[in-house]
Amino acid sequence: MLSLTDNQYQIQGIPLLDLAEKYGTPLYVYDTDRMQLQLKRLQEAFSGLPVRFKYACKALTNINILRLLHGWGVGIDAVSWEEVETAFRAGIPAQDIIMTPNCVSFSEVAQVVEKGVLVNIDNLSLLEQFGDHYGSKVPCCLRLNPHVVAGGNPQIQTGHIDSKFGISIYQLRHLLRIVENYQIQVIGLHMHTGSDIVDYRSFLQAAEVVYEAASHFSELQFMDFGSGFKVPYHPGQSETNIVELGQEVKKSFSSFCQKYGRDLELWFEPGKFFVSEAGYFLVTTNVVKQTPSTIFAGVNSGQNHLLRPMFYKSHHEILNITNPTGKPRIYNVVGYICEEDTFAIDRRIPSIKEGDVLCFLNAGAYCFSMSSNYNSRIKPAEVLLHKQQDYLIRKRENLEDLFRNQVIVDFESSQ
Ligand SMILES: *Cc1c(COP(=O)(O)O)cnc(C)c1O
């Protein structure tokens, strides 16, 4: 966990500035203690329930992260065949993986089913194809859309009426016809109502809708309540109250199981909750530029490496790890990409000079995994801190990586 000791920011006793020097910047750093703590918090919040966690690995896909989480008893939620293969590379067996794709072809589903992975089906067309192909031979899970709006940011809500995700609960009759017609074996019902859900009551509301639907399926083994667990991005900002959610879910799930007549497992698929606060992104200040309106701190990275501030207007705290306790001034922190590329506006940060290393917090989830090569910039390295040791878990890209798949045509000789 991050501490400020002897005027140095440290994680697991390792000064962040040392990592910046050793590996260079921009650099992603991940703290396994934090991931383990997050898992422990979830396990405690839902203790007493037959609960399983599936890490939504799109948040951070490094194989080492998947391996560690799996070693701690966590399965994988994948959204693409490539993520399924990533889980296999991490040594995770098919039975610990669920795939929850959206708008994929049946051939992608078939490819994954053939490897023994359970698929979560999210539209009726796919369900018909699934039934037509496998009948009752291959079990599946159904992603329902209970149409409960959860989460404050419309960009990351998935439960509303216009959402492309899940099978609308209003299509239940049609859904049941297909299931009966093909004798499809439905072993799980799933919902995922969005990200950053502050008010856990929306979970419970949506859960009621799914409990209701469950009475139509006699072979269920589990319910999957997705995720959307919010973490704090501002200091002191609220997060999903998982302790209260745990208590409430315990009540509602037990009474559901009683009515259903059998004990089912309860699954969750946190992505952000596991890794967001475990991640740190280190960048170096290239330019401090005073303009008539503000001071810009321009760093050696941008939306190519950390897109969330530009894409979602997300807030990431920024520390000056070279000058942790300096006198704060107001900065606009911007990147080097030829776009607006604004990380932060009017941010109070200890006085920044050129060459200072800045650190973005909450850089574990949807940061490296959303990075690109825009402006022909190479992607940063990733370092894992585990048991007081630092491990390089992804090399910094090099120039050749940019050209690897470009095909150079010989125009002269093809004429
Ligand atoms: C993205 C996703 C998650 C994880 O959401 P977080 O907000 O990161 O916890 C879980 N389930 C599904 C199906 C997803 O697509």
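Everything in the sequence shown is counted per the numbering used here, starting at 15 for the first residue and increasing by one.
For glycine and all other residues, C-beta sits at the position ideal for the given N, C-alpha and C.
Annotated as proximal: G293 and A377, with beta-carbon spacing under 9 Å.
Apart from the 5 residues on each side of it in sequence, G130 sits with its Cβ closer than 6 Å to the Cβ of A108 in its chain, given in chain order. If the five residues before and after E353 are omitted, its C-beta is found closer than 7 Å to the C-beta atoms of Q317, all from its own chain and listed in chain order. Taking all protein chains in view, the Cβ of Y380 is crowded by 16 or more other Cβ atoms within 10 Å, so the residue is classified as buried. Taking 9 Å as the cut-off, the Cβ atoms of Y350 and A311 do not count as close. Separation of V133 and G145 (C-alpha to C-alpha, rounded to the nearest whole angstrom) is 13 Å. About 24 Å separates the Cβ atoms of D404 and I106, ruling out a contact at the 8 Å cut-off. Judged by beta-carbon spacing, L186 lies within the 9 Å limit of A227, meaning their Cβ atoms are closer than that value. DSSP lists L156 as the bridge partner or partners of I135.
Rounded to whole angstroms, the gap between the alpha carbons of L53 and V421 is 45 Å. In summary, F425 is exposed, with fewer than 16 beta-carbon neighbours lying within 10 Å of its beta-carbon over all protein chains present. Secondary structure note for N300: it is in no alpha helix (DSSP H), and the uninterrupted beta strand (DSSP E) holding it is 293-304. Minimum Cα-Cα distance from K72 among the listed residues D91, Q57, R81 corresponds to D91. Shortest gap from the CB of S216 to any heavy atom of ligand 1: 8 Å or more. Cβ-Cβ separation between I25 and L16: approximately 6 Å, consistent with a contact (criterion under 8 Å). Excluding five sequence positions before and after R103, the CB atoms of its chain that fall closer than 6 Å to its own CB belong to I77, given in chain order. For I366, DSSP records no beta bridge to any residue. Contact fails between the segment 412-421 and the segment 319-329, because fewer than three Cβ pairs, one in each stretch, are under 8 Å apart. Under the three-pair Cβ rule at 8 Å, the segment 34-46 counts as touching the segment 388-407. Taking a cut-off of 8 Å for Cβ pairs, the segment 269-276 and the segment 299-310 do not touch, as fewer than three such pairs fall below it.
Less than 9 Å separates the beta-carbon of H161 from that of Y184. For P284, the Cβ falls inside the 8 Å cut-off from some heavy atom of ligand 1. Per DSSP, the unbroken alpha helix (DSSP H) holding C271 starts and ends at 256-274. If the five residues before and after Q143 are omitted, its C-beta is found closer than 6 Å to the C-beta atoms of F120, all from its own chain and listed in chain order. Given a length threshold of 4 residues, each whole run of the alpha helix (DSSP H) inside the segment 73-126 is given here in chain order: 77-85, 95-103. Between K367 and H329, the alpha-carbon positions lie close to 22 Å from each other.
In this chain, the beta strand (DSSP E) harbouring H204 covers 200-204. Assignment of G145 by DSSP, reduced to helix, strand and coil, places it in the helix class. Here the distance from the Cβ of N137 to the nearest heavy atom of ligand 1 is not below 8 Å. With a cutoff of 9 Å on beta-carbon distance, F217 and V88 are scored as not near each other. The continuous alpha helix (DSSP H) containing H188 extends over residues 186-196.
Across the set I201, T356, T298, N314, the C-alpha of T298 shows the shortest separation from the C-alpha of L372.
For the 9 Å CB-CB criterion, F231 and V193 form a contact. Cβ atoms of W86 and Q50 come within 8 Å of each other, at about 7 Å. Taken in chain order, the whole beta strand (DSSP E) runs of length 3 or more contained in the segment 365-408 are 371-374, 395-400, 403-408. In summary, F179 is buried, with 16 or more beta-carbon neighbours lying within 10 Å of its beta-carbon over all protein chains present.
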